[in-house]
Amino acid sequence: MIKILTTSLEKTKKIAQKIATKSKIGDIYFLRGKLGSGKTTFAKFFIEEIARINKKKIKEPITSPTYNLIKNYKCGKNIIICHVDLYRIKNLEEIEKLGFFEEIENKIVLIEWPEKVEKVLKKGIDILFLTKK
């Protein structure tokens, strides 16, 4: 498990960029942490870095997909990042109805609140966001 103590935006950005440079299609990241701990901020910097590496500009704002649950970002010729927020999901059946498992194929996937799918996916890379008390 990768643990990130989010003490500044700049530190979060540097960590996101470092992890992004090592990412490949098929990677699934479980973003864990309390509300406001930096999960979405990390995702934004991660997506921007993948796009930058592939000389692609993301035109729409990168925000948490809390209401639409799944948001895809084209970050290169064959590179799509799927950003998922499962905070409002109650059970696996709801996730399946969204077409979640088909949606994440052949992409780099960032999942906020992964507890609802981790038993099914089993292969995510854990990133825990900590904040100072």
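Counting in the working numbering, the sequence shown runs from 1 upward without gaps.
Don't be surprised by glycine CBs; every beta carbon is placed ideally from N, CA and C.
For residue i, which residues from the same chain have a beta carbon less than 7 Å from its beta carbon, with the 5 sequence-adjacent residues on both sides left out?
i: K123; result: I28
i: Q17; result: F45 and E49
What distance in whole Å lies between the Cβ atoms of residue j and residue i, which are believed to be in contact at a cut-off of 8 Å?
i: I178; j: I15; result: Residue numbering for the chain in the displayed model covers 1 to 133; residue 178 lies beyond these limits and cannot be assessed.
i: D126; j: I2; result: 7 Å
i: S64; j: E112; result: 7 Å
i: L128; j: G33; result: 6 Å
Just the C-alpha distance for residue i and residue j, rounded to the nearest angstrom, thanks.
i: E96; j: H83; result: 16 Å
i: E102; j: K90; result: 19 Å
i: L98; j: A43; result: 21 Å
i: Y73; j: K56; result: 10 Å
i: N78; j: P61; result: 21 Å
i: R52; j: E94; result: 34 Å
i: I104; j: I47; result: 15 Å
i: T6; j: T66; result: 21 Å
i: E115; j: S8; result: 26 Å
i: T131; j: L92; result: 29 Å
i: I58; j: R88; result: 26 Å
Which class does residue i belong to by DSSP, given the choice of helix, strand or coil?
i: K147; result: A query on residue 147 cannot be resolved here, the shown segment of the chain reaching from 1 to 133 and no further.
i: I95; result: helix
i: E105; result: coil
i: K71; result: strand
i: I15; result: helix
Leaving out the 5 sequence neighbours to the left and right, which residues in its chain are closer than 6 Å to residue i when beta-carbon positions are compared?
i: S23; result: I108
i: T40; result: S64
Using C-beta distances below 8 Å, list every residue in its chain close to residue i, excluding the 5 sequence neighbours before and after it, in chain order.
i: F100; result: I70, V84 and V117
i: N106; result: I25, G26 and I80
i: N54; result: C75, G76, K77 and I79
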